[in-house]
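Asks:
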């Protein structure tokens, strides 16, 4: 008998009225009682910081945890492009409906209508809120907010702060959080990593953390727990995520009963700087706008090692232009990424590792002149030449796709609460809004929507409906969870292995990008499902004991996170194997049109697959939440 | 390529430390300085030794985590760069490289190259915000902000809070950091209501955290990965004087 | 003394003193440069000062007080800054800082020593008492001859030239950075205001060292009626 009940709890009524009705009907906690409520927020990125600040402003006592030295270091800071909102400031026909529709369609019809509609509704408030905080958005000469069109959208709805939008939005949320820390309404716990979730009487009531400086294992109790712990792209080892990004907090919640939804939906960004060798520790994203003027090609011949300028036009394969004549180099992210992988698999990749394709500006420079190209892409070219020591004005850039964002995550209902009562999940850590693919400039929107405008309401409703007590973290459940956490760490200390976590992580990553990356197949996934448990076993056998626990120890941190990635990778492959269709970023080689396009199967897979943990050595159990698309018509993407 | 590293090792905050020499062999010129440290750490971990502790995260120059002094320069020998964006091609094969933690009383060393920069957070907590609760904000376009004003605010707001300015300053002054935040909000109309109080409180916190006084030497701006200019320090001084005047908000 | 006030105030106060010093230095230059006009104006000026003790002693006490305050504040700032950064790097790179800005304390100490010598030399007549007793044809204290005879000694001249160059170095940072401290500079004006500061320091230094150099080169000499004692 399973514990997982998937009830999305979507309010009744027409789509446009659902959120209003919800707000009208929700229960409130009285100001006097709010002070007695304690909420744990794990993670201080866009979602976590905005949630912690907003909850504290409302009067709740918040305990905010981050494994960084400061909330401002969270990886939201690295988002470059911008944030969408349905303001229609440009009078180009944008609306809440259009943003909603674009998001559902972009996600290839694998997300919940009600959630996405609400996201589009609150998107406008986010901009207002950020402006009020002093976020220096780009402005027109007349002083109005500037917008740009982003990621192939037909309207200009993206707000931006140069190429540092994520940074400025995070610093805005961080400043609001700092204000609450100063008042004592938020207590901040830096350099603390959540290692487990504590469940008391079926409700999430606390967490167990490890202090990354002293090694202390400690429990914290609260009336509700909010996870804002980001995505899991680092399961691939090389990704655009920061080094510390990991799945541990979400995965430990999964092991305590929370369902993991659509974990195989991962986005691979087509324009990243390729790895330069085995030492590569992470990948760097470059703006997709480069594809507006750059032409993507590889040599026609396999193993052609001539420098780019020695390869005559007739021996070049401009494969995107060839396969997708109308979209050409601007083909969507997933198509573009997959095609790059295919040509490299054929042995036609360029650069020292053979995992790269050219992005060539020679024609654009001929046509517009170097000065125009410099004006358009100067800082991106500088960044590229800084990293690679090559001059993109004279030598074509090399690019390769890199894992970038994960649409999947812990399953949540309309309240952003997981199937474990009292456990809320926001931002990239949940699965809710992006379906099988995320639109550009929508990640920042979702993180802030969840944190500023949705969770503070839905959490209040939960607390108002729940019996509250002043639980202290010394009950049996807390002690038991602490003991298990310590045992988990101890498990690595006894061996006498010789391999480091990094070498295992790299191997897992290579396996995952091959089997569960840009292109997946039943055969490849089955192979991975056989190999991952073996590799995990080797990991436990051969890992070097990480040593000291009572001090800063990066080796120990990495081993713990990697152990979770190993188990998580299996769930991911199960999900990818079970979803026997292609949709969005999930491309199953068996399901493609004659032109090599993703072929959806709406009959059987217009749903959310949510996985329940049943034990480390037994396969997870699948639960299905059907997606009822009542407003949007299913359509087939066509980029020919 | 091969390099010889001299790295500050210190086990904990109250312990003494020293420079320890490590050979770093078979490196690629395309490695970043942090990847070089990864490489050395891999060997240390495999040998059962403690890896060199250092803060790092995004490795694309924006999170502000990396914090080390390479050959006497915070972040290392390249202008407008964080350590993660400095590649070994900046060095010659066989070079000696000296890596030390950021040094300042306000940044106590936690371990090896890892320092505690929470003093910077406390400066922000003292007033580096606009008191705008979530909800009820007017429309974003209700208050037009001239483009040059928004751009100027963005110049100051680009600070990544890494603390290199403090590390480079002979006096360990946090003026450039504080100036960037105070100026961002003093430049924008949204920051007007709390302008004087903010400057007063942030400066008082800065002094309380044991940062030194500014003697206008300019090392801070010279090493700043985001090239925050010295004119913001002048602006901070202006804001400070302004905050002392009667009726300043 | 420990000023538990913001370091900026401290620095500002320090620089107010610097302004005063600049002013004094400028005012000091006027009689100094009278050396080029022959003995008459300089000796007359000295006589005038002696005859108005209120002005003379007022100025002397004022100078001493400002100088003392400057010293106290500088030492205090230095102490605070050393506390803020007690340990130096194994490898140091001064980046774009100037020699002047890095050596304010050392140049200041040498200048202090020089000022004491200078007072002993000309004001108190301790080092060369004979020169202090010269009298000109009008029966006034012959300051002009005292100066010329002193600087004809290459060792004395060298000491003065060295000290004035150091003072110039000291002032080059002071005069350039004071505007920054008072928040007067902006990104556009910073360079020229900086240069203005440098210009002031350079003019003062050149004016000062021109005196011993002119005397050494024989461009300025003794009036005929005076002979070296």
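Protein chains in written order, with the numbering used here: chain A, 1 to 640; chain B, 641 to 889; chain C, 890 to 1118. Beta carbons are placed, not taken as given, at the ideal position from N, Cα and C, and that holds for glycine. Source: prediction; values computed, not measured.
Would you mind sorting residue 648 of chain B into buried or exposed? The rule is 16 or more other CB atoms within 10 Å of its CB.
Replies: In the second chain, the residue the question calls residue 648 of chain B occupies position 8. Buried.
Asks: Could you say which of A:635, A:534, A:488 lies nearest to residue 210 of chain A if we only look at CA atoms?
Replies: On the first chain, residue 210 of chain A is found 210 positions in, with the first residue counted as 1. Comparing Cα positions, the closest option is A:488.
Asks: Taking the alpha carbon of residue 728 of chain B as the reference point, which residue from A:386, A:352, A:48, A:240 has its own alpha carbon closest?
Replies: One-based indexing of the second chain puts residue 728 of chain B at position 88. For residue 728 of chain B, the closest of A:386, A:352, A:48, A:240 by C-alpha to C-alpha distance is A:386.
Asks: For the beta strand (DSSP E) that contains residue 602 of chain A, what are its first and last residues?
Replies: Counting from 1 along the first chain, the entry for residue 602 of chain A is found at position 602. Unbroken run through residue 602 of chain A is the alpha helix (DSSP H), 602-605; no beta strand (DSSP E).
Asks: For residue 982 of chain C, decide whether its Cβ has a neighbour in chain B, counting only Cβ atoms nearer than 8 Å.
Replies: Taking the third chain and counting its residues from 1, the one referred to as residue 982 of chain C is at position 93. Yes, residue 982 of chain C lies at the interface with chain B (some Cβ there is under 8 Å from its Cβ).
Asks: Around the C-beta of residue 431 of chain A, are 16 or more other C-beta atoms found within 10 angstroms, so that it is buried, or is it exposed?
Replies: Counting from 1 along the first chain, the entry for residue 431 of chain A is found at position 431. Residue 431 of chain A should be labelled buried.
Asks: On the premise that residue 277 of chain A lies in contact with residue 353 of chain A, defined as a C-beta separation below 8 Å, what is that separation, rounded to the nearest angstrom?
Replies: The residue labelled residue 353 of chain A in the question sits at position 353 within the first chain. The residue labelled residue 277 of chain A in the question sits at position 277 within the first chain. Correct: roughly 7 Å between the Cβ atoms.
Asks: Chain C partners of residue 712 of chain B, CB-CB under 7 Å?
Replies: Taking the second chain and counting its residues from 1, the one referred to as residue 712 of chain B is at position 72. Near residue 712 of chain B (Cβ distances below 7 Å), the residues of chain C are 978, 980, 981, 982.
Asks: Could you name the residues of the same chain whose beta carbon sits closer than 7 Å to that of residue 726 of chain A, not counting the 5 residues immediately before and after it, in chain order?
Replies: The requested residue 726 of chain A is not part of the displayed model; chain A covers only 1 to 640.
Asks: Could you check the C-alpha separation between residue 374 of chain A and residue 393 of chain A for me, to the nearest Å?
Replies: Within the first chain, the letter at position 374 stands for residue 374 of chain A. Within the first chain, the letter at position 393 stands for residue 393 of chain A. Rounded to whole angstroms, residue 374 of chain A to residue 393 of chain A spans 9 Å at the Cα level.
Asks: Short of 6 Å in beta carbon distance, which residues of its chain neighbour residue 485 of chain A, apart from the five on each side in sequence? Order them along the chain.
Replies: For this step, residue 485 of chain A is matched to residue 485 along the first chain. Within the same chain, residue 485 of chain A has close Cβ partners 195, 196, 208, 217.
Asks: Closer than 8 Å between beta carbons: that is the criterion. Which residues of the region 274-296 of chain A meet it against chain B?
Replies: 276, 277, 279, 280, 281, 282, 284, 285
Asks: Assuming residue 515 of chain A contacts residue 528 of chain A under a Cβ cut-off of 8 Å, what Cβ separation, rounded to an integer in Å, is found between them?
Replies: One-based indexing of the first chain puts residue 515 of chain A at position 515. One-based indexing of the first chain puts residue 528 of chain A at position 528. About 4 Å; that satisfies the 8 Å criterion.
Asks: What residues of chain B sit near residue 1061 of chain C, judged by a beta carbon separation below 7 Å?
Replies: For this step, residue 1061 of chain C is matched to residue 172 along the third chain. Proximity of chain B to residue 1061 of chain C at the Cβ level (cut-off 7 Å) is not reached, the minimal Cβ distance being about 12 Å.
Asks: DSSP three-state label for residue 890 of chain C, please.
Replies: Taking the first residue of the third chain as position 1, residue 890 of chain C is located at position 1. Reliability of the predicted coordinates at residue 890 of chain C is poor, the pLDDT of 32 falling under 50, and no value is obtained from them.
Asks: Could you run through the region 323-344 of chain A and flag, in chain order, every residue whose CB is less than 8 Å away from some CB of chain B?
Replies: none
Asks: To be precise: take each residue of the region 653-668 of chain B, compare its Cβ to all Cβ atoms of chain A, and keep it if any distance is under 7 Å. Which residues remain?
Replies: Those residues of the region 653-668 of chain B that come within reach of chain A (Cβ to Cβ, closer than 7 Å) are 668.
Asks: Opposite residue 583 of chain A in the DSSP bridges: which residues?
Replies: Walking along the first chain from the start, residue 583 of chain A turns up at place 583. A:586, per the DSSP bridge assignment.
Asks: For the region 686-697 of chain B, which residues have a beta carbon sitting closer than 9 Å to at least one beta carbon of chain A?
Replies: 686, 687, 688, 689, 690, 691, 692, 693, 694, 695, 696, 697
Asks: Under three-state DSSP, which class holds residue 161 of chain A?
Replies: For the purposes of this step, residue 161 of chain A is taken as the residue at position 161 of the first chain. In this structure, residue 161 of chain A counts as coil in the three-state DSSP scheme.
Asks: Which residues of chain C have a Cβ atom closer than 7 Å to the Cβ of residue 863 of chain B, listed in chain order?
Replies: By 1-based counting over the second chain, the position of residue 863 of chain B is 223. Within 7 Å Cβ-Cβ: 984.
Asks: Spatial neighbours of residue 463 of chain A within its chain, please: CB distance less than 7 Å, with the 5 preceding and 5 following residues excluded, ordered by chain position.
Replies: As a position in the first chain, residue 463 of chain A is number 463, starting the count at 1. 29, 37, 223, 224.
Asks: Alpha carbon to alpha carbon, what distance is there between residue 234 of chain A and residue 266 of chain A?
Replies: For the purposes of this step, residue 266 of chain A is taken as residue 266 along the first chain, with counting starting at 1. For the purposes of this step, residue 234 of chain A is taken as residue 234 along the first chain, with counting starting at 1. C-alpha separation (whole angstroms): 11 Å.
Asks: Any beta carbon from chain B within less than 8 Å of residue 57 of chain A's own beta carbon?
Replies: Here residue 57 of chain A corresponds to residue number 57 of the first chain, with the count starting at 1. So, interface residue.
Asks: With three or more C-beta pairs closer than 8 Å as the rule, is the region 508-525 of chain A touching the region 549-569 of chain A?
Replies: yes
Asks: Quick check: the region 420-434 of chain A against the region 449-464 of chain A, are there 3 or more CB pairs under 8 Å?
Replies: By the criterion of at least three beta-carbon pairs nearer than 8 Å, the region 420-434 of chain A is in contact with the region 449-464 of chain A.
Asks: Please confirm whether residue 806 of chain B and residue 862 of chain B have their CB atoms less than 8 Å apart.
Replies: Along the second chain, read from residue 1 onward, the residue named residue 806 of chain B stands at position 166. Along the second chain, read from residue 1 onward, the residue named residue 862 of chain B stands at position 222. Their beta carbons are not under 8 Å apart, which means residue 806 of chain B does not touch residue 862 of chain B by this criterion.
Asks: If we cut at 8 Å on Cβ distances, does residue 990 of chain C have a partner in chain B?
Replies: Locating residue 990 of chain C in the third chain gives position 101, counting from the first residue. At least one chain B Cβ lies under 8 Å of residue 990 of chain C.
Asks: Residue range of the alpha helix (DSSP H) that residue 546 of chain A falls in?
Replies: Taking the first residue of the first chain as position 1, residue 546 of chain A is located at position 546. Note, residue 546 of chain A: premise wrong, no alpha helix (DSSP H); not H, not E.
Asks: As an exercise, report each continuous alpha helix (DSSP H) stretch of at least 4 residues that is fully enclosed by the region 1-37 of chain A, in chain order.
Replies: 18-25, 31-34
Asks: Answer yes or no: does any C-beta atom of chain B fall closer than 8 Å to that of residue 150 of chain A?
Replies: In the first chain, counting from the first residue as 1, residue 150 of chain A sits at position 150. For residue 150 of chain A, the answer is no, since every Cβ of chain B falls outside 8 Å of its Cβ.
Asks: Of the residues A:372, A:371, A:398, A:376, which one's Cα is nearest the Cα of residue 384 of chain A?
Replies: The residue given as residue 384 of chain A occupies position 384 in the first chain. Comparing Cα-Cα distances from residue 384 of chain A to each of A:372, A:371, A:398, A:376, the minimum goes to A:398.
Asks: Check each residue of the region 833-852 of chain B: if its Cβ is closer than 7 Å to any Cβ of chain C, include it; give the result in chain order.
Replies: 843, 844, 847, 850, 851, 852
Asks: Residue 69 of chain A: buried (16+ other C-beta within 10 angstroms of its C-beta) or exposed?
Replies: Position 69 of the first chain, counting from 1, holds the residue named residue 69 of chain A. The residue in question, residue 69 of chain A, is buried, as its Cβ has 16 or more Cβ neighbours within 10 Å.
Asks: Taking its Cβ as the centre, do 16 or more other Cβ atoms sit within 10 Å of residue 968 of chain C, making it buried, or is it exposed?
Replies: On the third chain, position 79 is the one that residue 968 of chain C refers to. Burial call: exposed.
Asks: Can you find at least 3 beta carbon pairs, one from the region 164-177 of chain A and one from the region 39-49 of chain A, that sit closer than 8 Å?
Replies: At 8 Å Cβ cutoff, the stretches touch.
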